[in-house]
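Some notes on the structure that comes next.
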Amino acid sequence: GAGSRMGAWTSSISTPPSNTGVARAGGRLTTSRDPAGDRTGFGGRRYRTLAEAGPSFSDRFTDYLGFLDPRLRESRRLLAPHGTLYLHLDAREVHYAKVRLDAIFGGPAFLNEVIWAYDFGGRGRRRWAPKHDSILVYVRTPGRHHFDPDAV
């Protein structure tokens with residue numbers, strides 16, 4: 022946070038609220054493969070889900086980028102010269118966030134967009150159902166980041 026030393030972090034991984042416009046119940050949904058599960062994924066694979074309760078919050082922002090901007094700037098300030106930022110968002114705001122990150126980090130600092138695909142959820146009746154999120158990857162200093170392909 023604000024009390025942390027500039028350049029102290031080697032990575033920043035963030036999954037901010039997604040600006041869905043609805044109140045969000047906190048907690049977690051744990052999914053595991055189970056032939057008798059309550060969800061069906063790719064290839065007919067079945068999954069069991071377990072909802073764990075937690076705090077709730079309003080996921081509605083009149084100025085989402087105004088909410089996100091100081092957090093992105095602080096993340097950049099805290100990243101070490103070889104540090105990497107990972108920002109996890111869905112399709113609602115990821116495109117706007119990328120433009121903002123380009124302004125904050127500089128276009129050459131954009132390293133990649135990782136697609137986080139998931140194989141469960143319903144089928145849309147009027148549009149394609151969302152089946153992925155995006156993780157935008159930016160580096161503090163282009164060319165100085167660390168990447169270990171054997172760890173992936």
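The opening position of the sequence shown corresponds to residue 22 in the working numbering, with each subsequent residue numbered one higher.
Just so it is clear, CB atoms sit at the ideal spot from N, CA and C, and this is done for glycine as well.
The beta strand (DSSP E) enclosing residue i, as first and last residue numbers
i      : result
Tyr107 : 100 to 110
Tyr68  : 67 to 79
Tyr159 : 153 to 160
Trp30  : 30 to 35
Thr52  : 44 to 54
Trp137 : 131 to 138
Cβ-based neighbour list, residue i, same chain, cut-off 7 Å, excluding 5 preceding and 5 following
i     : result
Phe88 : Phe82
Leu93 : Arg121, Leu122, Ile125
Trp30 : Leu99, Leu100, Ala101, Gly104
Proximity to residue i [Cα-Cα], best of the options
i      : options                        : result
Tyr85  : Phe78, Gly62, Pro37, Ala29     : Pro37
His166 : Arg148, Pro129, Gly65          : Pro129
Val173 : Leu110, Phe141, Val135, Ser155 : Val135
Ser65  : Leu132, Phe141, Arg147, Thr31  : Inspection of the sequence shows that residue 65 is occupied by Gly rather than by Ser. With distances taken between Cα atoms, Gly65 lies closest to Phe141.
Phe168 : His153, Gly145, Asn133         : Asn133
Asn40  : His109, Ala29, Arg161          : His109
Val153 : Pro170, Phe131, Val115         : The sequence shown places His at residue 153, not Val. Of the candidates Pro170, Phe131, Val115, the one whose C-alpha sits nearest the C-alpha of His153 is Val115.
Leu157 : Trp30, Tyr117, Arg26, Phe63    : Tyr117
Gly164 : Phe131, Ser35, Gly145          : Phe131
Close Cβ partners of residue i (< 8 Å) along its chain, the five nearest in sequence each way excluded
i     : result
Arg45 : Pro38, Ser77, Phe78, Ser79, Asp80
Gly75 : Ala46, Gly47, Gly48, Arg49
Ser33 : Ser96, Leu99, Leu100, Gly104, Thr105, Leu106, Tyr107
Val43 : Asp80, Arg81
Glu73 : Gly48, Arg49, Leu50, Thr51
For residue j and residue i, the rounded distance between their alpha carbons
i      : j      : result
Ala208 : Tyr139 : The structure shown does not extend to residue 208, since the chain is modelled only from 22 to 173, so the question has no answer here.
Ala101 : Gly127 : 16 Å
Arg67  : Ala112 : 26 Å
Arg60  : Trp137 : 19 Å
Gly58  : Gly143 : 15 Å
Pro56  : Leu71  : 15 Å
Lys119 : Val160 : 13 Å
Gly145 : Phe63  : 15 Å
Ser35  : Ser155 : 12 Å
Any non-hydrogen atom of the ligand MN closer than 7 Å to residue i Cβ
i     : result
Arg92 : The ligand content of the structure shown is nil, which means the ligand MN is not present either.
Host alpha helix (DSSP H) of residue i (start-end)
i      : result
Asp123 : 115 to 126
Close beta carbons around residue i, own chain, < 6 Å, minus the five adjacent residues each side
i      : result
Thr162 : Pro102
Residue-level contact to chain B via CB, residue i, 8 Å cutoff
i     : result
Arg45 : Chain labels in this structure do not include chain B; a single protein chain is all it has.
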